[in-house]
Each structure stands twice: as C-alpha cells, then as structure tokens.
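Residue numbers (my numbering), protein chains in the order written: chain V, 1 to 181; chain U, 182 to 618; chain G, 619 to 932. Heads up: the structure comes next, in structure tokens.
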Amino acid sequence: MTTSARLDRITQKAAVIGFMGLVIMALLITWDGAARYMWLPRISGFSDYGEVVFPIVIASCFPAGLLRQTNVTVRVFGNLGGPRVHAALETFGAVLTLAFFGLLTWQFIRLTGQFEAGGRTTRTIGVMLAPWWYVTTAIMAICVPVQAFVAWSWLVATVKGDLPDIASLRDDAEELMELEG
Amino acid sequence: MLSDPFTTGLLGLLAMFVLIFLQVPVGIAMGIVGVVGCGLIIGFAPALTLLATEPSSSMASESFAVVAMFLLMGNLAHVGGLSRELYRLAHVYLGHKRGGLIFATIGACAGFGAICGSSVATAATMARIALPEMLERGYAKSLAAGSIAAGGTLGMIVPPSVVMILYAILTENSIIALFLAAIVPGLLAVLVYFVAVYFVVRANPDAAPVGPKASWRERRQVTGQGWAVVLLAVIVSGGIYSGIFTVSEAASVGATVALLLALFRRRLTVRKFLAALGDTAANTGMIFIMIIGASVFSYFATLSGLPMATVDWIQSLALPPLLVLCLLMVFYLILGAIFDTIAAMVLTLPFVYPLIIGLGYDPVWWGVINIVVIELGMITPPIGINVFVLHGMARDLPLSTIFRGVVPFIIADVVRLVILILFPPLSLWLPGVLGWL
Amino acid sequence: QAQESIKVGTFVPEQSTGVAQVIKPWLEAVQAEAGDTVRMQPFWGGTLGKDPYKQFELVQNGVADATWVLPGYTAGQFPEMGIFELPFLFRTAQEASLVGWKLNEMGLLTGLDGVHMVGFFAAEPNAIFLSTPVDSLEGLANLKIRSAGSIQAKWLESLGAAPQTLSSAEFNEGLSRGTVDGAIQGWTGMKTFKSLPLVEQAIEAPAGAIPFLLLMNERKWESLSPELQEIVMKHGGAAFAEAGGNAYASAGAAIREEVEAEGRISLMTFTDEELASYEDSVQPIYDDWIAATPNGQAVYDATVKLLGEIRGKD
Ligand code: NA
Ligand code: NA
Numbered sequence: 001m002t003t004s005a006r007l008d009r010i011t012q013k014a015a016v017i018g019f020m021g022l023v024i025m026a027l028l029i030t031w032d033g034a035a036r037y038m039w040l041p042r043i044s045g046f047s048d049y050g051e052v053v054f055p056i057v058i059a060s061c062f063p064a065g066l067l068r069q070t071n072v073t074v075r076v077f078g079n080l081g082g083p084r085v086h087a088a089l090e091t092f093g094a095v096l097t098l099a100f101f102g103l104l105t106w107q108f109i110r111l112t113g114q115f116e117a118g119g120r121t122t123r124t125i126g127v128m129l130a131p132w133w134y135v136t137t138a139i140m141a142i143c144v145p146v147q148a149f150v151a152w153s154w155l156v157a158t159v160k161g162d163l164p165d166i167a168s169l170r171d172d173a174e175e176l177m178e179l180e181g
Numbered sequence: 182m183l184s185d186p187f188t189t190g191l192l193g194l195l196a197m198f199v200l201i202f203l204q205v206p207v208g209i210a211m212g213i214v215g216v217v218g219c220g221l222i223i224g225f226a227p228a229l230t231l232l233a234t235e236p237s238s239s240m241a242s243e244s245f246a247v248v249a250m251f252l253l254m255g256n257l258a259h260v261g262g263l264s265r266e267l268y269r270l271a272h273v274y275l276g277h278k279r280g281g282l283i284f285a286t287i288g289a290c291a292g293f294g295a296i297c298g299s300s301v302a303t304a305a306t307m308a309r310i311a312l313p314e315m316l317e318r319g320y321a322k323s324l325a326a327g328s329i330a331a332g333g334t335l336g337m338i339v340p341p342s343v344v345m346i347l348y349a350i351l352t353e354n355s356i357i358a359l360f361l362a363a364i365v366p367g368l369l370a371v372l373v374y375f376v377a378v379y380f381v382v383r384a385n386p387d388a389a390p391v392g393p394k395a396s397w398r399e400r401r402q403v404t405g406q407g408w409a410v411v412l413l414a415v416i417v418s419g420g421i422y423s424g425i426f427t428v429s430e431a432a433s434v435g436a437t438v439a440l441l442l443a444l445f446r447r448r449l450t451v452r453k454f455l456a457a458l459g460d461t462a463a464n465t466g467m468i469f470i471m472i473i474g475a476s477v478f479s480y481f482a483t484l485s486g487l488p489m490a491t492v493d494w495i496q497s498l499a500l501p502p503l504l505v506l507c508l509l510m511v512f513y514l515i516l517g518a519i520f521d522t523i524a525a526m527v528l529t530l531p532f533v534y535p536l537i538i539g540l541g542y543d544p545v546w547w548g549v550i551n552i553v554v555i556e557l558g559m560i561t562p563p564i565g566i567n568v569f570v571l572h573g574m575a576r577d578l579p580l581s582t583i584f585r586g587v588v589p590f591i592i593a594d595v596v597r598l599v600i601l602i603l604f605p606p607l608s609l610w611l612p613g614v615l616g617w618l
Numbered sequence: 619q620a621q622e623s624i625k626v627g628t629f630v631p632e633q634s635t636g637v638a639q640v641i642k643p644w645l646e647a648v649q650a651e652a653g654d655t656v657r658m659q660p661f662w663g664g665t666l667g668k669d670p671y672k673q674f675e676l677v678q679n680g681v682a683d684a685t686w687v688l689p690g691y692t693a694g695q696f697p698e699m700g701i702f703e704l705p706f707l708f709r710t711a712q713e714a715s716l717v718g719w720k721l722n723e724m725g726l727l728t729g730l731d732g733v734h735m736v737g738f739f740a741a742e743p744n745a746i747f748l749s750t751p752v753d754s755l756e757g758l759a760n761l762k763i764r765s766a767g768s769i770q771a772k773w774l775e776s777l778g779a780a781p782q783t784l785s786s787a788e789f790n791e792g793l794s795r796g797t798v799d800g801a802i803q804g805w806t807g808m809k810t811f812k813s814l815p816l817v818e819q820a821i822e823a824p825a826g827a828i829p830f831l832l833l834m835n836e837r838k839w840e841s842l843s844p845e846l847q848e849i850v851m852k853h854g855g856a857a858f859a860e861a862g863g864n865a866y867a868s869a870g871a872a873i874r875e876e877v878e879a880e881g882r883i884s885l886m887t888f889t890d891e892e893l894a895s896y897e898d899s900v901q902p903i904y905d906d907w908i909a910a911t912p913n914g915q916a917v918y919d920a921t922v923k924l925l926g927e928i929r930g931k932d
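And the structure:
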C-alpha cells in the first residue's frame, strides 16, 4: 500500500470516528428537544456539551480534507497551463496551506494553554475546557504532517512533471452516491 | 506598519484574489490575507492570536454545527433510499407527459431540497437516480443532464439550506426568517423551470419522448411508499416554522429521524452509514475551512474600514439604488462564473452587506436575492460546480453538452431573479405575516 | 514622543447603558485630561471583535488595548467574582460596584492574567423574567431558565428548574420558540437585548448582580507613562464604580417604572422579611460557593463587612 493510501485510510477513519460524535450530539439534542414536550428529565446545561464536543467533531474532518484536497480551490490557470504549471501552482497552494495550519496549531496550543492557566470551564456545569481543547488541538496538529506530505508530493510532481498519488484520492469522495437504500 | 488601514484593506483584497488564482484554497487565502492584514494594522503578535480565537469561536458554536447536522440528515436520507422514492413519486404522476421525466426530476429536486441543505448533493443524488432513466427513455442528453444540474440548485434555495444558514449567522439575521423568505421564491423557481421545460420540449419534441402512463394502482403504491420523505420534511420544516423546535433541534431531530427510518426499513448497512458520515465530514470540512478563513478575513475587513468607506463612496455618487443593485448582479454573475457558492458569499459579505443595508434594502430580502444570483453561478460556464458534478458522474457526457442543456434554465433563473428583485413581497410577505421580520 | 493610542472595544453598541453612560464618559474624560498625549480610539458595537465570549482573550492577547469583559462569559477565569452571582446578597448596583472595586484593591480578585483592571462596575440586581407567570418561586420547578453562570444554575437547580447558560441573543430565540421559559437577567439587559416583549412576569428576587470589567492589556498598561496611568485610573477605579453603579441603578429603575406603568408584565415583589428568609434559605448555596472557591471565605467575609459599611452609611 502506498503512503498516500495508508494516510488516506487513517485520516478517513479519524473523520468518521469524529463524526460519530455528531451523530451522538444529534441523538442527545433530539432527546433534550423531545423531553420538553414529554416531561422527561431535562439535561442541565445542555449546550455545555456541544461547546466542547463540536470543536473535536469539526477538527476531525480537517486532516482527511487536506489530504484529499477537497477544499474549494480555483484551478483555472493550472488547467490552462498544463501539468507542470498545475503541479507548481498546487505546490504553492499546499505550502501556504501548510504555513496556515502550522500557525493555526501554534495558536491553538497557546489558547488551550490560556484556558488551562485560567482554569476555564463551560458556563453552566463547569466542564474543564482545557482537556477537550487539547484533543481538538492535537487533531489540528495532525494536519501539519499530513499537509506537509501533500506539499511534498506536489513538489516532487512539479520536478517530475507528472501527477502525484494524492491527486487520485479526490475521486474516492464519490463513494456515497453509489450507495442508496 | 502601514499608517493607512484603508490602503491596507484595498491591497489585502487584491492579494486575496491573486492568491486564490494561484490555487491557494479560498478559505486559506482569506485566512492568510486576514491575519497578515490585521498584523499590519494592530501588530503581528496580537493578530496571530486571532487564528485561535476566531476559529475556536466558530468551531464551538452550535449555530455553525447546524450546517453539519443538515448535511448529515441529507446523507442519511439518501442512503435510506428517500431520494429514489421521491423521484418515483414525481415520476408516476408526471412521467407520461411530454418532457415528463424532466418535470419529475425538477419536482424531485425541489422535494429533496426540503430535506437536504446542499445544491451539489442534490444534483449528485438526482444524477444517480434520474439520469440513467432519462437516457434510457431516449431523452436528449443535454436536456436531461442540464435539468439535473439546474434542478440541483433547488437544494440550496428550498429551505433548509446551508448557505442560507451561513448568511444568517454571518449577518446576524434570523435563520427562520431567511427560510420562510425562501419558500415562495423556491416555488417560483420550480414554476419558471417548468415553463422553460414546457417551451423547450414544445420547440423540440424529439428531445423528450412521451412515455407510458402509470396506472392508478401503481400510483397508489408509490404514494404509499413515499410517506417517509413527507414525514421527514414535515418534521423538519413543520417543527421549525410552528415553533416546536429551534433550528438546531430541527436539524438534529431530522438527522435522527433519517437515521431511524433507514434503520427500521432495513436499508442501513455499516458501509452505508460510514459512507454517509465520511461524506458529511468531507463537506463539513470544506465549509468550515471557509468559515474559519472568512472569520479572520472579515475581522481584517472591518478593521481596515474599507467596507464602510466603499459604502460612503457609493452613496456619495448618489446612484439610484436599483442601478447599484444591477451592477451588483453583474458583479455576482462574473464572480459566479468562477467561484463556488459559499466562497462567493463569504468573500463578498463583509463588503456588500453594509452597502445593501446602507441603500435601505431589507437584509432578509437581500439574503434571498444573493443566494439566487450566486446559485446561478453553479450552472454557468466556464466553472459551474453542478455541471462538473454531472460530468464527473457521467464521463461520456461532454461538459459542452451539459452547458448547452443548462441554457434554458439559466434564462429561467434570470427571469426569476428579475421578478424577485422587482417584487420584494414575494420574499418578505411570508416571514412578515408570521412575525419574523 | 510619538502619540500613544488606546483602542477600546465593546461588543455592545454605543447606545447601551454601559457604553453610553460609563465607558464612553470614562474614555472622553481621559482624552480631555490627557489632551494630545493620547488618542483614545473607540470601537463600539463589536468592530474590534463581536463575540461576547471572546472579549477577555482579545484584551489578554492585545488585539484590543482595553475591552468590556463579562466575567460570567469566561467561566472559571475569575473564581472570586462568582460572589456577585450569589442570589439575595447584593441589593443595589451601587453597593455591588463599590464592593467589587474594593475587593480588587484588597487584592482578593484573581485570574487577571496579562490584564490590568481599569474599572469594575455591576448592573442592578437581576430579576427572574418568565414568559408564563407563576405564583411563587416554587413555580419554577421543571422550567428551563437561562442563567448567566454556574452559581445561578445551582440555585435554579435547587428550585427544581433546568438551568441553561445562554447569551442574550440565544435567549431571545429560545424564549420566542418556547425552548426556554425564562431568564435571570437585569432590567437593563432585558431592555438592551429587546427581551421585554417576550416575557409576562418579573419576579423581583435579587438573583445576583452581573459584574462588568473594563480591562486593559497588561503590556499596554505598562507602556503608558506614569502621568497617563494616573489619569486613566483617576477616571477608572472608584470613580468608575460609582458612575457605573449609579448609571445602572437609575437606568434599571427607569425601565422598571416604564414596565410598571404599561402594566402588561406582572411584577412579583417580596417584603424585606421574605427576602431575609430567602437569604437564609440559600445559605447552602453560599456555603457551596465558599467551599468551592480557593479563598472563598476571605472574599465572602470581606464582602459582608463592606456591605455592612456601605449599608450603615445610608
Ligand atoms: Na434545501
Ligand atoms: Na459558474
């Protein structure tokens, strides 16, 4: 198995596990909404859970998206200029994306440190923020090596004038549409 | 440090477009320009911290999480087979008319739009279901594919709609008001598409052969199976508009019901479930990168004072508001030629929204207009996302063929846009009488 | 010497009580007295960051030089300020404001990492606003009530209600949808966030007084000349607390009067004896808070002593 395929498996798994969290939140929110009309016990400080869970859910899909390069990108010049120009532009975009996620991770570490130092908690039931945000930050940190791999792949492709393995990963994204009830 | 934030703002805007054309992802380009621009105005050490405070706000926000919930609902509905049932439902009632399958496709797109928040997902779903059937029955390829690409845009204008949610959050307007405002324009969209199809098939009968009429027995049977879609749409829309649920509850309840439907009707396998989650994750990630970039960028835009200065400048020209509006429409059509819907919206909001408000237009009405005009970009050449989706799913259909098929619908869209601009009550009446304005 | 500029941000608009009557007058007074040596730059209405929950980070990180921070929105950061949330303890905006500033002077308030406190003020004590009237505090059982923090939340739970911490905007949506039945909120807050049309009853149990802080980035503060520091604090500190307390007390009273005259919203009031007995009944909440807060006892004792002094004076 190639590195890109292996990375793809790992990041896809991470995204799917993260989004199980979304399903769980959907079930809990449904419960809380229904409880109002059925005099079932209410969950106190309900939105506190979302406040710490949603960031983890959202972050979990970033590594997969970066590897498959599903982020909205305008590829006009690359398509006009031929494979080498395309690869060079992709390299440029990938390097800036890498820089952006590097800075983002650094600042997330800093912010989480501030949360920890300040003893910050959620608003109603006092869940400590720092441990949850460390998980989110760790996922953001994983984006950095993943994106470094993307940038490196395109750099090599620019030199060779071909397409890297990761370029074909985007096509796998169509899987869902083939599956219906 | 640059002493003039205004100049910094202008250069920043320019730099952002340059980066985007150099194939930097739109969200990343916005984020980088935003943080560098803020750095020039308030200093780099504080500006860098915005890269954590701004994204962490959006990532922890329940309002933004609603986007992911609606995407999840649409995907679970799809793997639960609801999209196919919807198409069959439209099919048995409309299929025997000339161009019947086109009418059915558009009707099913609008129906699926009521349980799916995304345009691309609607187009992709219907491409799987309706395209093979139309081609088999001898429909013209261009018209068949074009109707799906255009019908897909109904996924975005018929509420719930992801881009509408983003508009509402970013401009601090009520999501419910936006949803209500889009109901009549959504119906109008179906109507003008029907009219367009009517004229096309009348002019060119070979493009759409007439098929057999479904028996009443078959109709009853299909209608009986279609209850699930109706149930889901009623729970979500009814729940929101009647005030039983908040928007985020409705999205969660919708996702839960879609999941239960798929489970109890034995249509959910582990593989399908995981695929639904994976697709939701991919689209959520795509949208959140743009949200994060836009949050930093709009911070910069506000700091630079460029939006307000632009508004003042345009107001000083004392142009008739309608003219400004027309210029904006042209601008958005050009933008839509190249940009994805959500990108076009988040990129322009910091500048265009204050202008629209400054001209005295209603923010909810503008939300509808803005979405309709941006949505047009999804089917216009050279880059129309929905057309690309169709091409991706049916590789033997050349892009030029699909773009040709889309033309009547583009004309219909322009007509609809003009109608909506000239008659604001079409959008504002419903939220108004229900007390949401 | 280059001119110093101080960027002051608030997430609420210029017309709101806290900006119009407290922070803006402070800013103008500093500007007038310091003259050309400083340029005070206001950023009202969130132009320097509009998320209410992020105001503390903005000033801590130096994005803004000074911001209006609600300690209730940064749970855990300012543990001692939880005392202002305790129900039935504070009875007026003036006494809460003054006590707050004095506690700060006594060095009893922690959590001010990387910031300097320019001013402390507090809103008039909260009331409980409900969309459907009840007969007594016991009627809150099983209702979903917006609280502004965890202590109020505990108190609500002790009454059998389900607390939920929401921002004022979220609260409005919740009220109109019926997902929340009411809120602990001040009169001025109800007016500022246009929540009054959504409620039918005000229970005037003094359920805590929301503290407000005007914080300055510490590095910025240290970079100011001693003369400028003195001017900033001359109009900040005790003067600021007094101005803030008075502003909220009179604004709150005016709104309450207006509501009473209109007669649509029913008012549930309590006699002094009833209030005293409620104060006794919430002692367990006080005890919990004291036990859970590192130097809770010292803060509580100081507060009670200060309150005695202030009330004795009147
Ligand atoms: Na929709
Ligand atoms: Na286009």
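Each residue gets a CB set at the ideal place from its N, CA and C atoms; glycine is no exception.
Problem - Limits of the unbroken alpha helix (DSSP H) element including PRO606 (chain U) - result: In the second sequence, counting from the first residue as 1, residue 606 (chain U) sits at position 425. 606-614 is the extent of the alpha helix (DSSP H) around PRO606 (chain U).
Problem - Cα-Cα separation between PHE77 (chain V) and TYR513 (chain U), rounded to whole angstroms - result: As a working mapping, residue 77 (chain V) is identified with position 77 in the first sequence. As a working mapping, residue 513 (chain U) is identified with position 332 in the second sequence. Looking at the two C-alpha atoms, the distance is approximately 21 Å.
Exercise for the section: May I ask you to report which of helix, strand or coil DSSP gives PRO829 (chain G)? Expected result: Along the third sequence, one-based indexing puts residue 829 (chain G) at 211. Residue state, collapsed to three classes: strand.
Problem - Contact set, ligand 1 heavy atom to C-beta under 7 Å - result: U:GLY294, U:ALA295, U:CYS297, U:GLY298, U:GLY336, U:MET337, U:VAL339, U:PRO340, U:PRO341 and U:SER342
Exercise for the section: Consult DSSP for ALA741 (chain G) and reduce its assignment to one of helix, strand or coil. Expected result: Mapped onto the third sequence, residue 741 (chain G) falls at position 123. ALA741 (chain G) falls in the coil class under three-state DSSP.
Problem - Member of G:GLU818, G:LEU832, G:ALA916 and G:GLN915 whose CA lies at the smallest distance from the CA of GLU880 (chain G) - result: For the purposes of this step, residue 880 (chain G) is taken as the residue at position 262 of the third sequence. GLU880 (chain G) has its Cα closest to that of G:GLU818, out of G:GLU818, G:LEU832, G:ALA916 and G:GLN915.
Practice task
Tell me, please, whether the CB atom of GLY694 (chain G) is closer than 8 Å to any CB atom in chain V?
Solution key: Locating residue 694 (chain G) in the third sequence gives position 76, counting from the first residue. By this cut-off, GLY694 (chain G) is an interface position.
Practice task
Determine, using beta carbons only, whether ARG123 (chain V) and LEU129 (chain V) come nearer to each other than 8 Å.
Solution key: Along the first sequence, one-based indexing puts residue 123 (chain V) at 123. Along the first sequence, one-based indexing puts residue 129 (chain V) at 129. No.
Practice task
Give a yes or no on contact between the region 811-828 of chain G and the region 750-766 of chain G, applying the rule of three or more CB pairs nearer than 8 Å.
Solution key: yes
Exercise for the section: For ASN722 (chain G), count neighbouring C-beta atoms within 10 Å of its own C-beta (all shown protein chains included) and say buried if the count is 16 or more, exposed if not. Expected result: Against the third sequence, residue 722 (chain G) aligns to sequence position 104. Buried: at least 16 other Cβ atoms inside 10 Å.
Exercise for the section: Establish whether the CB of GLY435 (chain U) and some CB of chain G are separated by less than 8 Å. Expected result: Counting from one through the second sequence, the residue named residue 435 (chain U) turns up at place 254. False, the Cβ-Cβ gap to chain G never drops below 8 Å.
Handout entry: Residue of G:VAL681, G:GLU897 and G:THR728 minimising C-alpha distance to PRO697 (chain G)
Key = The sequence position of residue 697 (chain G) within the third sequence is 79, counting from 1. Closest by alpha carbon: G:THR728.
Handout entry: VAL614 (chain U) burial status per 10 Å Cβ neighbour count (16 or more: buried)
Key = Here residue 614 (chain U) corresponds to residue number 433 of the second sequence, with the count starting at 1. Its Cβ having fewer than 16 others within 10 Å, VAL614 (chain U) is exposed.
Practice task
Compare the C-beta of ALA432 (chain U) with all C-beta atoms of chain G and state if any pair is closer than 8 Å.
Solution key: The residue given as residue 432 (chain U) occupies position 251 in the second sequence. Closer than 8 Å: no.
Handout entry: ASN760 (chain G) to VAL599 (chain U) span [Cα, whole Å]
Key = For this step, residue 760 (chain G) is matched to residue 142 along the third sequence. For this step, residue 599 (chain U) is matched to residue 418 along the second sequence. So the two alpha carbons sit approximately 51 Å from each other.
Practice task
Would you identify the three-state DSSP class for HIS734 (chain G), choosing helix, strand or coil?
Solution key: On the third sequence, residue 734 (chain G) is found 116 positions in, with the first residue counted as 1. HIS734 (chain G) falls in the strand class under three-state DSSP.
Practice task
May I ask you to verify whether the region 654-666 of chain G touches the region 85-94 of chain V, counting CB pairs closer than 8 Å and requiring at least 3?
Solution key: no
Problem - C-beta neighbour in chain U for LEU155 (chain V), strict 8 Å - result: Against the first sequence, residue 155 (chain V) aligns to sequence position 155. Taking Cβ atoms only, chain U never reaches closer than 8 Å to LEU155 (chain V), which makes this a no.
Problem - Pairwise C-alpha distance: PHE426 (chain U) and GLY50 (chain V) - result: In the first sequence, counting from the first residue as 1, residue 50 (chain V) sits at position 50. In the second sequence, counting from the first residue as 1, residue 426 (chain U) sits at position 245. If you take the alpha carbons of GLY50 (chain V) and PHE426 (chain U), they lie about 17 Å apart.
Practice task
Work out the CA separation of VAL417 (chain U) and ALA432 (chain U) for me, nearest whole Å.
Solution key: By 1-based counting over the second sequence, the position of residue 432 (chain U) is 251. By 1-based counting over the second sequence, the position of residue 417 (chain U) is 236. Between ALA432 (chain U) and VAL417 (chain U), the C-alpha separation is close to 7 Å.
Handout entry: Element boundaries [alpha helix (DSSP H), containing SER239 (chain U)]
Key = Residue 239 (chain U) sits at position 58 when you count from the first residue of the second sequence. 225-241 is the extent of the alpha helix (DSSP H) around SER239 (chain U).
Handout entry: Under the three-state DSSP convention, the category VAL626 (chain G) falls into
Key = As a working note, residue 626 (chain G) is residue 8 in the third sequence. Here VAL626 (chain G) sits in strand by DSSP.
Practice task
Express the C-alpha separation of ARG709 (chain G) and PHE702 (chain G) in angstroms, rounding to a whole number.
Solution key: On the third sequence, residue 702 (chain G) is found 84 positions in, with the first residue counted as 1. On the third sequence, residue 709 (chain G) is found 91 positions in, with the first residue counted as 1. Cα-Cα distance, rounded: 11 Å.
Practice task
Tell me, please, which residues DSSP counts as bridged to SER884 (chain G).
Solution key: Translated into the one-based positions of the third sequence, residue 884 (chain G) becomes position 266. BP columns for SER884 (chain G) point to G:GLN819.
Practice task
Give the residues of chain G in contact with LEU231 (chain U), contact being defined as C-beta atoms less than 7 Å apart.
Solution key: As a working note, residue 231 (chain U) is residue 50 in the second sequence. Correct list: VAL681.
Practice task
Could you tell me whether any Cβ in chain G is nearer than 8 Å to the Cβ of ALA26 (chain V)?
Solution key: Here the question's residue 26 (chain V) lines up with position 26 in the first sequence. No - not a single Cβ of chain G is within 8 Å of the one on ALA26 (chain V).
Handout entry: Own chain, CB closer than 7 Å to VAL145 (chain U), minus 5 neighbours either side, in chain order
Key = Outside the modelled stretch of chain U, which goes from 182 to 618, sits residue 145 (chain U), for which no answer is possible.
Handout entry: Residue from U:GLY193, U:PHE198 and U:THR461 whose Cα sits closest to the Cα of ALA525 (chain U)
Key = Position 344 of the second sequence holds residue 525 (chain U). Of U:GLY193, U:PHE198 and U:THR461, the residue nearest in Cα terms is U:PHE198.
Problem - Within-8 Å CB hit, ARG195 (chain V) to chain G - result: No answer is possible for residue 195 (chain V): the residues shown for chain V start at 1 and end at 181.
Handout entry: Touch test, the region 452-466 of chain U against the region 6-18 of chain V, Cβ-Cβ under 8 Å, three pairs minimum
Key = yes
Handout entry: Contact between the region 738-745 of chain G and the region 784-800 of chain G (3+ Cβ pairs under 8 Å)
Key = no
Exercise for the section: State buried or exposed for THR887 (chain G), treating a residue as buried only when at least 16 other CB atoms are found within 10 Å of its CB. Expected result: As a position in the third sequence, residue 887 (chain G) is number 269, starting the count at 1. Burial call: exposed.
Practice task
Using beta-carbon positions only, say whether ALA439 (chain U) and LEU257 (chain U) come within less than 8 Å of one another.
Solution key: One-based indexing of the second sequence puts residue 439 (chain U) at position 258. One-based indexing of the second sequence puts residue 257 (chain U) at position 76. Result yes, Cβ atoms of ALA439 (chain U) and LEU257 (chain U) sit closer than 8 Å.
Exercise for the section: Look at the alpha carbon of LEU715 (chain G) and the alpha carbon of SER895 (chain G), and state the distance between them as a whole number of angstroms. Expected result: Numbered from 1 along the third sequence, position 97 holds the residue referred to as residue 715 (chain G). Numbered from 1 along the third sequence, position 277 holds the residue referred to as residue 895 (chain G). In the sequence on display, residue 715 (chain G) carries Ser and not Leu. C-alpha separation (whole angstroms): 25 Å.
Handout entry: Among U:PRO227, U:ALA377 and U:MET307, nearest to VAL260 (chain U) - alpha-carbon criterion
Key = Position 79 of the second sequence holds residue 260 (chain U). The residue with the shortest Cα to Cα distance from VAL260 (chain U) is U:MET307.
Practice task
Please report the residue range of the beta strand (DSSP E) in which VAL656 (chain G) lies.
Solution key: Position 38 of the third sequence, counted from the first residue, corresponds to residue 656 (chain G). Where VAL656 (chain G) is concerned, the enclosing beta strand (DSSP E) stretches over 656-661.
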